[in-house]
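In our numbering, the protein residues as written are 3 to 355. For every residue, glycine included, the Cβ atom is placed at its ideal position computed from N, Cα and C. Computed from a predicted model, the values in this text were never measured in an experiment. Only one structure is covered here, and it is reproduced in the block below.
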Amino acid sequence: MTPLQPGTGPIRSTRYLPASADDVLWGRLPCAADAPALSIEAGTEVTIDTVSHEGILEDQGRDPRRFFAPYDVAVLDDAVALAASGYERTFGVDGPHVVNRPIEVRGAEVGDLLAMTVVETLPRVPYGVISNRHGRGALPGEYPLEGGVHSVFAAVSDDGTHGLLPLVDGGPPGVRFPLAPFLGIMGVAVAGERRPHSVPPGRHGGNLDINLLTVGATLYVPVQVAGALAYVGDPHFAQGDGEVSLTAMEASLRATVRFDVVAREDAVRRFGDLVGPLAETTEHLVPTGMDEDLDVAVQDCVRAAIALLQARFGMEPALAYAYLSAATDFRISQVVDVVKGVHATIRTSDFVA
3 MTPLQPGTGP IRSTRYLPAS ADDVLWGRLP CAADAPALSI EAGTEVTIDT VSHEGILEDQ
63 GRDPRRFFAP YDVAVLDDAV ALAASGYERT FGVDGPHVVN RPIEVRGAEV GDLLAMTVVE
123 TLPRVPYGVI SNRHGRGALP GEYPLEGGVH SVFAAVSDDG THGLLPLVDG GPPGVRFPLA
183 PFLGIMGVAV AGERRPHSVP PGRHGGNLDI NLLTVGATLY VPVQVAGALA YVGDPHFAQG
243 DGEVSLTAME ASLRATVRFD VVAREDAVRR FGDLVGPLAE TTEHLVPTGM DEDLDVAVQD
303 CVRAAIALLQ ARFGMEPALA YAYLSAATDF RISQVVDVVK GVHATIRTSD FVA
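Structure below.
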């Protein structure tokens, strides 16, 4: 494939945000004090170039051309420019992720929900990287086997549908797994003048790493500041539930997202009084739970699911609890982002009109 360099190739929307050093935040997420990079009406689609942090981080040399040179692949110009820009960040203190500077959605008010619908995800390159770092991941005392970081290059099949990995380092591809591109970070700005770290997710959304947020899915996030100040980032080509090694197949996407506002009264009628993000796909309602303790995250997700069923379908809580036990999967979104995530997959087809 021809790489989607900045401003080249298909750009679905007339509103376009590149990923130049002036258009992104690196390692932190927007807060109320951040000026919007773009101001739109509700219902507008925006095409956003996202850049993967893999290959530009300091422990990888902060030089993507050198990092990817052994693989003989094209490198994105905006990734090169960002790494070389002198962008001020502190490795090991700030997060790794790159997100767009915020998008103001006019009319969004505190108490509303911002609905972020993924309309299109175009791979910008035909490869990705999966990394494990010292002290991180599900097995922090066991991996990486050597050194502080182990980054694995993952190619994309010629037809663009699968990721490819070898069985041994330096060997030919021996593993094929399906690709399902999504944005690991989707969220809104927090109140106040302090930008939150990009790693732990929360009520603002952020680094949720819910792999169901593919094309056609919508994330609903409680608005915390006027205008919402929305952002996306952390692009993936594929991720297993748990994301156990620390990262999944991280790779840059050109994503088009539609931003809608759900007024508080309508939001309460449809979803109850949401305290955290909620996703919706063509098949599932997906409430979430988050906490540093995975047990608490599961409990919070169950409570959110019960409240959702009560609000959406008028289901009595005890019956909702029973239904969830019989028919709903509670999946681990990720266990590697300090705050662990759990999401439930409630089939909407189970509920008769």
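The DSSP-derived three-state label of Gln336 is strand.
Inclusion of Arg256 and Leu84 in the CB contact set at 7 angstroms is not warranted, their separation being larger than that value. Here Ile308 carries a helix assignment [DSSP, helix/strand/coil]. Boundaries for Ser327: no beta strand (DSSP E) harbours it, while the alpha helix (DSSP H) harbouring it runs Pro319 to Ala329, taken from the DSSP string. Here the alpha carbons of Ala228 and Pro319 stand approximately 33 angstroms from one another. Restricting attention to beta strand (DSSP E) runs no shorter than 3 residues, the region 128 to 180 encloses them at 129 to 135, 151 to 158, 164 to 168 and 175 to 180, ordered along the chain.
For Pro289 against Ala307, the beta-carbon gap comes to about 5 angstroms, under 8 angstroms, which counts as contact.
About 5 angstroms separates the beta carbons of Asp80 and Ala21, which is inside the 8 angstroms limit, making them a contact pair.
Closest in C-alpha terms to Leu326, from the list Gly172, Asp161, Ser335 and Arg305, comes Arg305. Exclusion of the five residues before and after Arg14 leaves Glu47, Thr49, Val121, Glu122 and Thr258 as the residues of its chain whose Cβ lies within less than 8 angstroms of its Cβ. Counting only the Cα atoms, Gly150 lies some 6 angstroms from Arg135. In the DSSP assignment, Val264 forms a beta bridge with Leu115. In its chain, beyond the 5 residues on either side, Thr49 have a beta carbon closer than 6 angstroms to the beta carbon of Tyr18. The Cβ-Cβ distance between His345 and Ile212 falls below 7 angstroms. For Ala299, the CB contacts under 7 angstroms within the same chain, skipping 5 residues up- and downstream, are Gly291, Met292, Asp293, Lys342, Gly343 and Val344 in chain order. Shortest Cα-Cα distance from Gly45 to any of Asp61, Met118 and Leu214 involves Met118. The Cβ atoms of Asp243 and Ile187 do not sit closer than 7 angstroms to each other. DSSP places Arg68 outside any beta strand (DSSP E); the residue lies instead in the alpha helix (DSSP H), whose first and last residues are Pro66 to Phe70. Rounded to whole angstroms, Val263 and Leu221 show a C-alpha spacing of 11 angstroms.
Where Val82 is concerned, the enclosing alpha helix (DSSP H) starts and stops at Asp79 to Ala86. In the structure shown, the three-state DSSP call for Thr350 is helix. Taking 7 angstroms as the cut-off, the beta carbon of Leu210 is found no closer than this to the beta carbon of Phe184. Contact between Phe353 and Phe315 holds, since their C-beta atoms are separated by about 5 angstroms, short of 8 angstroms. With fewer than 16 other Cβ atoms from the protein chains shown falling within 10 Å of its own Cβ, Asp171 counts as exposed. When Pro202, Ala86, Glu195 and Phe93 are compared, the shortest CA-CA separation from Gln226 is found for Glu195. In the three-state DSSP reduction, Leu59 falls in the coil class, being neither helix nor strand. A straight-line Cα-Cα distance of about 40 angstroms links Gln62 and Glu285.
Your pair Arg103 and Asp51 does not check out as a contact, with CB atoms roughly 12 angstroms apart and the cut at 8 angstroms. In the three-state reduction of the DSSP assignment, Ala257 falls in the strand class, which pools E and B. Counting along the chain, no beta strand (DSSP E) covers Leu210, and no H or E run does either. Ala240 carries a strand assignment under DSSP once its states are collapsed to helix, strand and coil. In chain order, Ser133, Asn134, Arg135, Arg138, Gly139 and Val338 place their CB closer than 7 angstroms to the CB of Leu248, counting only its own chain and leaving out the 5 sequence neighbours on each side. The bridge partners DSSP lists for Leu19 are Ile50. Taking 7 angstroms as the cut-off, the beta carbon of Pro128 is found closer than this to the beta carbon of Met3. Thr163 counts as exposed, since fewer than 16 other C-beta atoms from the protein chains shown sit within 10 angstroms of its C-beta. For Ala265, same chain residues with a beta-carbon under 6 angstroms away, outside a window of 5 residues either side, are Asp114 in chain order.
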